[in-house]
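J.: Provided herewith is a single structure, encoded as C-alpha cells, for subsequent inquiry.
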Amino acid sequence: MSRIDAGRRRIEAIAADLPPGRFLLLNLAIGLAHFLVLFNAGAYLAMIPEVAGALGVNANFAIWPQTDFFVGMALAAPLSLWLAARQGESRSFLLIFAGFGISALGCAETTEFWSFILARFAMGFFGGLSIPLSLAILRHRYRPGHERLVRSLWGVAALTPFTLAPAVGGWLCTYWGWRSLFYLDGPLALALTGFVFLALRGLPSLPVRVRSMDWPGLMLLAAALATTQVTLDLGTYLDWWHSAHFWILTVIVAILWVTLWLWEWQHPQPLVAYRLFRHGNFFLGVVGVFAGTLLFQGMMALLVVQAQLVWGYTAFLAGVLVLPMAVTAKPASLISQWALRHWDAGLLAAVDLAGLALSCFLIATYDRDASYTALLWPQFVLGFFLGGLFLPLTRLALGALSESEAERGLGVFNLFRVAAQGYGIPILVGWLARVEQEVHHFLVEPGVASARPWQAATRALLARGLSPPAAKLQLARELSRHASFLAFNALFYACAWAFLALSALLLIFARPTTTAVTPSPAEWMREKMAEP
745 MSRIDAGRRR
755 IEAIAADLPP
765 GRFLLLNLAI
775 GLAHFLVLFN
785 AGAYLAMIPE
795 VAGALGVNAN
805 FAIWPQTDFF
815 VGMALAAPLS
825 LWLAARQGES
835 RSFLLIFAGF
845 GISALGCAET
855 TEFWSFILAR
865 FAMGFFGGLS
875 IPLSLAILRH
885 RYRPGHERLV
895 RSLWGVAALT
905 PFTLAPAVGG
915 WLCTYWGWRS
925 LFYLDGPLAL
935 ALTGFVFLAL
945 RGLPSLPVRV
955 RSMDWPGLML
965 LAAALATTQV
975 TLDLGTYLDW
985 WHSAHFWILT
995 VIVAILWVTL
1005 WLWEWQHPQP
1015 LVAYRLFRHG
1025 NFFLGVVGVF
1035 AGTLLFQGMM
1045 ALLVVQAQLV
1055 WGYTAFLAGV
1065 LVLPMAVTAK
1075 PASLISQWAL
1085 RHWDAGLLAA
1095 VDLAGLALSC
1105 FLIATYDRDA
1115 SYTALLWPQF
1125 VLGFFLGGLF
1135 LPLTRLALGA
1145 LSESEAERGL
1155 GVFNLFRVAA
1165 QGYGIPILVG
1175 WLARVEQEVH
1185 HFLVEPGVAS
1195 ARPWQAATRA
1205 LLARGLSPPA
1215 AKLQLARELS
1225 RHASFLAFNA
1235 LFYACAWAFL
1245 ALSALLLIFA
1255 RPTTTAVTPS
1265 PAEWMREKMA
1275 EP
C-alpha cells in the first residue's frame, strides 16, 4: 500500500460524509477563514497612524474603525446560531463570508473616514457571524470520537492570528501601503467562500432546530453596545467628565443598559441571561475576562501606536514588538489544558493574571535609551500568561452551570469578552492623554523643581544663537516626547496593579471547581468558542 493510499484511508476513517479530497479542502478553507477574521482584528493596529494621515483625521479618531470592528463582532454573536437555524450552517456561512470579503474591498476603496468606519464595522459583524458557524461546520464533518483533531485545527487558528497580525499588518503598511491589507482580504475571503462551496456541494443540509429570537432584546442590546462605544470614543474629544455632552451620553448609556436588564430579566428566553450572575464563579469569570481583555487590548493598541508616534519606529517594527507573544501563547494554552485536569481553574486564572501584572511591570521600565531588543523580551512573558488565561476563566465561569445554562452562559461570556476589546482602547487612550497632560504641566510649571532643566535648556539654546520661538519649539517637542514616555510607564504600572487586584479577587472569592479529566464534547466546544 502506497503512502497516498494509507493517507486516504486515515482520512476516510475520520471524515463523516466527505471524500478525502473535499474533506481536506473543507478543513483548509474553514481554518484559513477563521484565521483571516482573527488576523484582521490585530493587523489594523499597526496601521492606525498611516490610516489617520491618509484619511485626514487625528490618530485618536483613527482608532474608531478598530473599536467598531469589535462592536460588530459583539452584535453578531446572538444572531449567528439563529441564522444557522433558519438558513442552515453551510448556506449561512457562504453568504456571511462573502459579505466579509465585500466589506474588506469597501475598506480598500473608500476615501472618506466615515464610510471606512462603516465598512470596518461590517467586516467585524460578518466576521463575528462566521466564527460559530465555521466551528459547527467542522464538528459536523468529523466522525464521533475525533473531536481532538478539530481541537488541534481550531486551537492553531485561535491565538496565533492576533499575535502575528500586527507584525504582518505593519509589514504590509510599510512596504505596500495600508490599503493592501484590505485588497488582499477581499479576494482571499471570496476565494475561501468558493472553496467551502466546492467542498460542501451536493451534501444535504443538516437538520437544525429553529430558534426564536428576542428581537426587542436584540435591538436594546445593539443600542446599548453601540452607544457605549460611541460615548467612549468621544470621551477624549469631549474632555470626558468636564463636558456636559459626555454626561448626557453617559446617562443615555445607563438607561439603555438598565432597560435591557429589566427586559431580559422577565423574558422566558433571554438574549443576555443576567440571572446567571447569581452564580458566584460565573460572575467572577465574566468580570475576569471583561476586565482582563479590556486592559490587554488597550495596552497592545497603545504599545503599537506609541512605538510609531513617540519612539519613531516604522509600522513594521512596531508590529514586531507584539510578535514574541506568538511564540509563547500557544504552548501556554496547551499547558493550561493539561493543568486544568489537575488544579483548580480559579487558582490557574489568578496565577495567569499575576503573570500579566509582572509583564506590565517589566514594560513600565521602558525608557528613551532602551534598545529595540530590550522592548521585545517582556512580550514573551505577556504572551505566555495571556495564552494560559482564557481556558481557566472559561472553566471557572461555566463549570458550575447546568448544560442548558452553560449554553446561555457562553453567550454572555463571549459578549462581554468581545465588547471589552472595543471598550478597552478608548478608555486607556483617554487615560494616557490625561496623564500626559498632567506630566507636561508638571514639567514646565514655574516654581517646581522639575521646571529648572526646562529653563536651563532654554537659556542654553538661546546662547547658541537660536531665536526664542525656535528654542521653545525644539524644547516643546522634546518635552512632549518625554511626557509621553512617563505617561506610558504610568499607564502600565496602573494596569499591573489592576491585574494584581483581579488575581486577588479570584483567589479570595472563587469557589473550587471540580472538573473531569477529559472534558465532554459539549464542554470542549464551549471552551473553544470562548477563546479569542
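745 is the number of the first residue of the sequence shown in the numbering used here; add one for each residue after it.
Think of the CB as a built atom: it goes at the ideal place given N, C-alpha and C, for glycine as much as any other residue.
Quick one, which of Val1002, Ala820, Leu978, Trp1001 has its alpha-carbon nearest tryptophan 991's?
T.: Tryptophan 991 has its Cα closest to that of Leu978, out of Val1002, Ala820, Leu978, Trp1001.
J.: Measuring CA to CA, which of Ile1079, Pro876, Phe1232, Ala803 is closest to alanine 821?
T.: Checking every option, the nearest Cα to that of alanine 821 belongs to Pro876.
J.: Sorted by chain position, which residues of the same chain lie with C-beta nearer than 7 Å to alanine 1279's C-beta, five sequence neighbours on each side aside?
T.: No information on residue 1279 is available, as it lies outside the stretch 745 to 1276 that the chain covers here.
J.: Specify, as a first and last residue, the run of the alpha helix (DSSP H) that arginine 864 falls within.
T.: Arginine 864 -> alpha helix (DSSP H) spans 857-884.
J.: What are the boundary residues of the alpha helix (DSSP H) that histidine 778 is part of?
T.: Here the alpha helix (DSSP H) through histidine 778 covers 764-787.
J.: Quick check on DSSP: helix, strand or coil for leucine 1000?
T.: Correct three-state label for leucine 1000: helix.
J.: What three-state label does DSSP hand isoleucine 807 in the structure shown?
T.: Isoleucine 807: coil per DSSP, three-state reduction.
J.: Are the CB atoms of alanine 866 and glycine 850 nearer to each other than 9 Å?
T.: Their beta carbons are under 9 Å apart, which means alanine 866 touches glycine 850 by this criterion.
J.: In three-state DSSP terms, what is histidine 1023?
T.: Histidine 1023 falls in the coil class under three-state DSSP.
J.: Near alanine 970, what residues of its chain come up, given a Cβ to Cβ distance below 7 Å and the 5 sequence neighbours on each side ignored?
T.: Here the set comprises Val815.
J.: Determine, using beta carbons only, whether serine 1080 and glycine 1153 come nearer to each other than 9 Å.
T.: The answer is no: Cβ separation not under 9 Å.
J.: Exposed or buried, which one is isoleucine 881 when buried takes at least 16 other CB atoms within 10 Å?
T.: Buried, because 16 or more other Cβ atoms sit within 10 Å of the Cβ of isoleucine 881.
J.: Exposed or buried, what is methionine 817 when buried is set at 16 or more other beta-carbons lying within 10 Å of its beta-carbon?
T.: When all chains shown are included, methionine 817 counts as buried.
J.: Excluding the 5 residues flanking alanine 1093 on each side, which residues of the same chain have their C-beta closer than 7 Å to its C-beta?
T.: The answer, listed in chain order, is Gly1032, Leu1133, Pro1136, Leu1137, Leu1140, Leu1250.
J.: On the premise that leucine 1028 lies in contact with valine 1242, defined as a C-beta separation below 8 Å, what is that separation, rounded to the nearest angstrom?
T.: A quick correction: the sequence has alanine, not valine, at residue 1242. Their Cβ separation, rounded to whole angstroms, is 15 Å, which puts alanine 1242 and leucine 1028 out of contact at 8 Å.
J.: Any idea what DSSP makes of glutamate 1184, helix, strand or coil?
T.: The displayed chain sequence assigns histidine, not glutamate, to residue 1184. In the structure shown, histidine 1184 sits in a helix (DSSP, three-state: H, G or I).
J.: With a Cβ-Cβ cutoff of 9 Å, do proline 809 and glutamine 973 count as a contact?
T.: Contact: no.
J.: In chain order, which continuous runs of the alpha helix (DSSP H) of length 4 or greater are located wholly inside the segment 1032-1109?
T.: Qualifying alpha helix (DSSP H) stretches, in chain order: 1059-1064, 1068-1083, 1089-1107.
J.: Since tryptophan 920 is in the alpha helix (DSSP H), which residue starts that stretch and which ends it?
T.: Tryptophan 920 -> no alpha helix (DSSP H), and no H or E assigned at all.
J.: By Cβ distance below 8 Å, which residues in the same chain neighbour proline 1122 in space, the five residues on each side in sequence not counted?
T.: Cβ within range, chain order: Ser1103, Leu1106, Ile1107.
J.: Return helix, strand or coil for valine 815, following the three-state DSSP convention.
T.: Three-state DSSP puts valine 815 in a helix.
J.: For leucine 993, collect the residues of the same chain with a Cβ closer than 6 Å to its Cβ; drop the 5 residues on either side in sequence, then sort them by chain order.
T.: Contacts found: Thr975.
J.: How many angstroms separate the CA atom of alanine 933 from the CA atom of leucine 862?
T.: Each residue's alpha carbon lies about 18 Å from the other.
J.: What do you get for tyrosine 919, buried or exposed, if any count of 16 or more other CB atoms within 10 angstroms of its CB means buried?
T.: Label assigned to tyrosine 919: exposed.
J.: How far does the alpha helix (DSSP H) with arginine 945 in it extend, from its first residue to its last?
T.: Run containing arginine 945: none; DSSP gives neither H nor E here.
J.: Roughly how many angstroms lie between the CA atoms of alanine 998 and threonine 1202, to the nearest whole one?
T.: Approximately 49 Å between the Cα atoms of the pair.
J.: Would you check if the segment 831-846 and the segment 924-940 touch, i.e. whether three or more CB-CB distances between them fall below 8 Å?
T.: Touching, yes.
J.: Compare the C-alpha of glycine 765 against each of Ser956, Glu1151, Arg945, Gly921 and name the closest.
T.: Comparing Cα-Cα distances from glycine 765 to each of Ser956, Glu1151, Arg945, Gly921, the minimum goes to Arg945.
J.: Going by the CB atoms, is the gap between leucine 1020 and valine 1156 shorter than 9 Å?
T.: For valine 1156 and leucine 1020, yes; Cβs fall inside 9 Å.
J.: Using 8 Å for Cβ pairs, my map puts glutamine 1041 next to aspartate 958. What's the rounded Cβ distance?
T.: In fact, because the Cβ distance is near 28 Å, the residues do not count as touching under 8 Å.
J.: Would the beta-carbon of leucine 1046 fall within 9 Å of that of valine 1173?
T.: Closer than 9 Å, so yes.
J.: Should phenylalanine 906 and serine 874 be called a contact, given that it needs their Cβ atoms to be closer than 9 Å?
T.: No, the Cβ-Cβ distance between phenylalanine 906 and serine 874 is not below 9 Å.
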